[in-house]
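First the structure, in the form of structure tokens, and then the observations on it.
In mature numbering (1 follows the signal peptide of the UniProt record, and there is no 0), the protein residues as written are -26 to -1, 1 to 149.
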């Protein structure tokens, strides 16, 4: 009889725990952001800093393009978009579509599944992709920044880079 009471108590605790977990997951879904926004800066690295990770003396690169590519849990490309930098070298865009519901189902985050890569420079004299600065060629992972709220709309903000192109030809360096 004592074993039956212990078993009943154990089953009740398991049921209560399951109910609390389900309630907690419902609350998480309600608090989840409605949008995913990605942003970053694109520069032209100065000749002074060639071969380094430094962006000292770098200038913003208006019109430069960066691709955002996201892969699912099996490594397949599920999302691709191109962002164009504004006159200040700043690129921003919203990641949307069924792919993001799919990765959420597999508990993946855009930071783990999405990368940003430099694809175009409008300046022919600064058009070589610099992999030294945040893996602009290989692709840098998005980094979660914060959740922002505007007029009741929540968005998770992810950053890339900064990324940089570099000049193909720089004069000799004198030390």
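For every residue, glycine included, the Cβ atom is placed at its ideal position computed from N, Cα and C. Model, not experiment: these values are computed from the prediction.
Compute the Euclidean distance between the alpha carbons of residue -6 and residue 32, then round it to the nearest angstrom.
-> With a pLDDT of 37 at residue -6, under the threshold of 50, the modelled position of that residue is not reliable, and no figure is offered here.
Entirely enclosed beta strand (DSSP E) segments - the stretch 102 to 131, minimum 3 residues | 117 to 124
Specify, as a first and last residue, the run of the beta strand (DSSP E) that residue 14 falls within.
-> 9 to 18
Which class does residue 34 belong to by DSSP, given the choice of helix, strand or coil?
-> In the structure shown, residue 34 sits in a strand (DSSP, three-state: E or B).
Distance, residue 130 Cα to residue 68 Cα = 10 Å
Same chain, Cβ closer than 6 Å to residue 92, neighbours up to 5 away in sequence not counted = Once the five neighbours on either side are set aside, the close Cβ partners of residue 92 are 40, 103, 110 and 137.
Are the C-beta of residue 51 and some C-beta of chain B separated by less than 8 Å?
-> Although the question refers to chain B, the structure presented lacks it and comprises just one protein chain.
Which residue's Cα is closest to the Cα of residue 10: 139, 118 and 101?
-> 118
Thinking C-beta only, is residue 17 closer than 8 Å to residue 34?
-> Cβ atoms of residue 34 and residue 17: closer than 8 Å.
DSSP three-state assignment for residue 52, whether helix, strand or coil = strand
Residue range of the alpha helix (DSSP H) that includes residue 85 | 84 to 87
Looking at residue 116 and residue 146, is the spacing between their C-beta atoms short of 8 Å?
-> no
Just mark residue 42 as buried or exposed, buried being the case when its beta carbon has 16 or more other beta carbons within 10 Å.
-> buried
Specify the secondary structure class of residue 76 as computed by DSSP and reduced to three states.
-> helix
First through last residue of the beta strand (DSSP E) which encompasses residue 29 = It is not in any beta strand (DSSP E) - residue 29 carries neither H nor E in the DSSP assignment.
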